[in-house]
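Asks:
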Amino acid sequence: MKFILKRGLLLGSATAATQIEGGDENNNWARFAREGKVDDGTSPVRACDHYNRWREDIDLMAEMGMQIYRFGIEWSRIEPVRGDFRPDVLAHYREEIEYMREKGIKPLLTLHHFNNPLWFEDMGGWTNKESAEIFLSFAERVIDRLGDIVDEYITINEPNVYCLNSLFYGIWPPEKKSLFAFVRAFSNMTEAHIKCYQLIHNKRAGMGKSREETLVSFANHLRVFAPKDIFNPWHKLCARFMEHMFQTAITDAMMTGKCVFPVIRHKGIERGRYYDFIGINYYSRSTVSGIADGVRDDCERNDLGWEIYHDGLIDLAGLLSMEYGSEFPIFVTENGTCDNTDAFRARFIYDQLKLISETDNRIERYYHWSFTDNFEWREGEAARFGVVHLDYETQKRTVKNSGRLYADIIKNGGVTDEAYEKYVAPTEYHK
Ligand code: BGC
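As structure tokens, then:
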């Protein structure tokens, strides 16, 4: 064996509703695409047609041995008009969840993943002072209908990436460029998460589920921020500043209710503990020499130019355990890479899982991003992250070399010498 998987580590994949379902015209990303703003001209209205092909997808996951699955639901489908909740759509998700459970795949449900219904978006979305309440009434309906068959939840995915891209840099819908909007949304999302955490626990207790049976948290996008020159005080200061603004303050606010700028306290936010596990979405390291993102010279990169840096996940897991308690399990709620030709993804998976398995950390779940190639937001269909190839024209799914490796790792509890020779050895990173 090249390595044996860490004891108890469960493997599966992660997706998001807007990125895979197709068919919904009524969300912020479908409109953004209609306005011709997606770089390659594609639209999430096509995506992977998962809304119709979910059974085929779950079957394939089961065939690949996946044990866990993180997925989202489309708010604009469930509540296309404010207050009008669609029972047929909730029944659809219920059927899919029941099916994955039958297949032995444990669901982790994400309630919000960058997707707003148009009516919500047009009220100011997450900058609206009622946004937390509005989101909670949606969440409540979902839990009422699905809460008895879902034990594990992510309330909100990556508030930092969402608020930064949508409200500060203005490169995602609704294309706002305002520090004020960014700060407001951070606070509203914090309030929404905290109240949603409480809501899910209360509702599930009402369904006779014990507190330990219910796991709720959020998934933040965490990076390593490294000064370009470690002896340069300006680089060091910028790295700390970027880290604080992008991830430290919002993570702390969501997890404990402690508000430090850019999160501003409002009356709905009280101090407490609002997580049952530590969720980390990890992709890369930023190398900083000013108030801007940067990539180290001469490093291995993926097809979007992001540095491939596996140690970062282990370092972040260690830091978060120290900060929020080593008694809490860590779920890698996303990790993966953009590799359009599957030239190095097998090596990426091998290196990352080896490191997780051979170092000291509390990682218990690994959700690979992603299952099939899917709609990668502003990059559209051009950026491929799947272990399963998607032909968008025919919707044919084909397991990639990396997917065969992943299935083999799950089956054998690690990487055998044969699997290494067959799937990993022929692959290489590029610069
Ligand atoms: C997001 C995913 C996205 C992935 C790759 C994460 O920031 O949660 O929706 O597809 O990164 O860019």
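Take this note's numbering: the final residue in the sequence shown is number 443, and no numbers are missing along the way. Idealized CB from N, CA, C, for every residue including glycine. From a predicted model like this one, the values you see are computed outputs, not experimental measurements.
#1: What's the gap between the Cα of VAL50 and the Cα of ASP305?
#2: Mind checking PHE289: buried by the 16 CB within 10 Å criterion, or exposed?
#3: In the segment 282-331, which residue ranges form an unbroken beta strand (DSSP E) of at least 3 residues, counting only runs that do not cross its ends?
#4: Residues in its own chain within less than 8 Å of ASP429 by CB, not counting five upstream and five downstream?
#5: Roughly how far, in whole angstroms, is the beta-carbon of CYS175 from the beta-carbon of PHE194, given that I think they are within contact range, below 8 Å?
#6: Just list the residues that DSSP pairs GLY84 with in beta bridges.
#7: Which term fits PRO185, buried or exposed, when burial requires 16 or more other beta carbons within 10 angstroms of its beta carbon?
#8: Could you pull out every residue in the same chain whose Cβ sits closer than 7 Å to the Cβ of TYR111, ignoring the five residues on either side in sequence?
#9: If distances are taken between C-alpha atoms only, which option among GLY269, ILE168, ILE155 and PRO438 comes closest to LYS221?
#10: To the nearest angstrom, report how far apart THR226 and ALA217 are at their CA atoms.
#11: To the nearest angstrom, how far is the alpha carbon of ASP354 from that of HIS205?
#12: So, is ASN64 buried or exposed, given that buried needs 16 or more other C-beta atoms within 10 angstroms?
#13: Between the C-alpha atoms of TRP41 and ALA394, what's the straight-line distance to the nearest angstrom?
#14: Just to confirm my understanding: we take GLY324, look at its own chain, exclude 5 residues before and 5 after, and list those with CB closer than 6 Å. What are they?
#15: Classify GLU346 as helix, strand or coil using the three-state DSSP reduction.
#16: Between which residues of its own chain and LEU367 is the CB-CB distance below 8 Å, once the five residues before and five after are set aside?
#17: Contact between the segment 383-400 and the segment 408-428 is defined here as three or more beta-carbon pairs at a separation below 8 Å; is this criterion met?
#18: LYS443 and GLY77 look like a contact to me (Cβ under 8 Å); what is the Cβ gap, rounded to whole Å?
#19: Helix, strand or coil, according to DSSP, for ASN200 in the structure here?
Replies: Inspection of the coordinates gives the following:
#1: 22 Å
#2: buried
#3: 290-300
#4: MET13 and LYS14
#5: 5 Å
#6: THR122
#7: buried
#8: ARG67 and ILE70
#9: ILE155
#10: 9 Å
#11: 36 Å
#12: exposed
#13: 16 Å
#14: VAL236 and ARG297
#15: strand
#16: HIS322, ASP323, LEU325 and ILE326
#17: yes
#18: Contact doesn't hold; Cβ gap of about 33 Å is too wide.
#19: helix
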